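Undergrad: Position one of the sequence shown corresponds to residue 34 (the numbering used here), numbered consecutively onward. One structure is given below, represented as structure tokens, and several questions about it will come after.
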Amino acid sequence: MDSSFKVVSPSDVEVKSPIMSEHLGAAYFGLSKNLKDGSIYQLNISFTYNRTEGLSGFYFSKYQEDNVTKVIGSTQMEPIDARRAFPCFDEPQLRANFTLKIVHDASNDVVLFNTPKRKTEQFGDASGKRLLTTFETTLSMSTYLVAFVICEFSNITTTTSSGTQVSVFSRREEGIKCS
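Structure (structure tokens):
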């Protein structure tokens, strides 16, 4: 994980000697002056995620389809693995609203998050190979509930008699059989 910290507002507060603890999954830093109660501060964090092996945070799995290796990106944030995927206060009692934007290959037909898609648009050059999908903002929730998936699956959707929309996703080669 590569990170840098900067207090944007007020601009006279500087971040001093940040310390990243991979073992604890936390960042610690001092400030050039004490913060005042009741004041609002804005801290910007530049963050680069380096994929790791394992099934925690945001991770990748591989499978074979028609002798081609495919990759699925998915999440497992519980109990405190959201901090592996993005900078956050990753404590179950704390809540926030999340607005997610995912840059992905155009071949990924399925890009899911906790909320419906707001829009998908071309990203980067004019080749159309990369897309930016933006989702609606969540209700206030704990970080361990954040979930997203990026894959090349197929799906079927139906609506229950009570009006609830239900979707089932599977690998294309498996097909979907529901009744």
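Cβ atoms here follow ideal geometry from the backbone N, Cα and C, with glycine treated the same way. From a predicted model like this one, the values you see are computed outputs, not experimental measurements.
Counting C-beta neighbours from all protein chains within 10 Å, is the total for M174 16 or more, i.e. buried, or is it exposed?
TA: Exposed, because fewer than 16 other Cβ atoms sit within 10 Å of the Cβ of M174.
Undergrad: Does the Cβ of N141 have 16 or more other Cβ atoms within 10 Å, making it buried, or fewer, making it exposed?
TA: Classification of N141: buried, given that the 10 Å Cβ count is 16 or more.
Undergrad: By Cβ distance below 6 Å, which residues in the same chain neighbour D114 in space, the five residues on each side in sequence not counted?
TA: Closer than 6 Å at Cβ, skipping near neighbours: S89 and G90.
Undergrad: Is DSSP giving S190 helix, strand or coil here?
TA: Rather than Ser, the amino acid found at residue 190 in this sequence is Thr. Strand.
Undergrad: Leaving aside the five residues before and after I105 along the sequence, list all residues of the same chain whose C-beta is less than 6 Å from its C-beta, in chain order.
TA: If we look at I105 and ignore the five residues flanking it on each side, its Cβ neighbours are S94 and C184.
Undergrad: Could you check what DSSP says for R117 in three-state terms: helix, strand or coil?
TA: Helix at R117.
Undergrad: How many Å lie between E47 and A139 at the Cα?
TA: Those two C-alpha atoms are separated by around 41 Å.
Undergrad: Measuring alpha carbon to alpha carbon, tell me which of L64, I189 and N100 ends up nearest I52.
TA: The shortest C-alpha separation from I52 is found at L64.
Undergrad: Throw me the rounded Cβ distance for the T108 and T170 pair, which I believe falls under 8 Å.
TA: Not a contact, Cβ separation roughly 18 Å.
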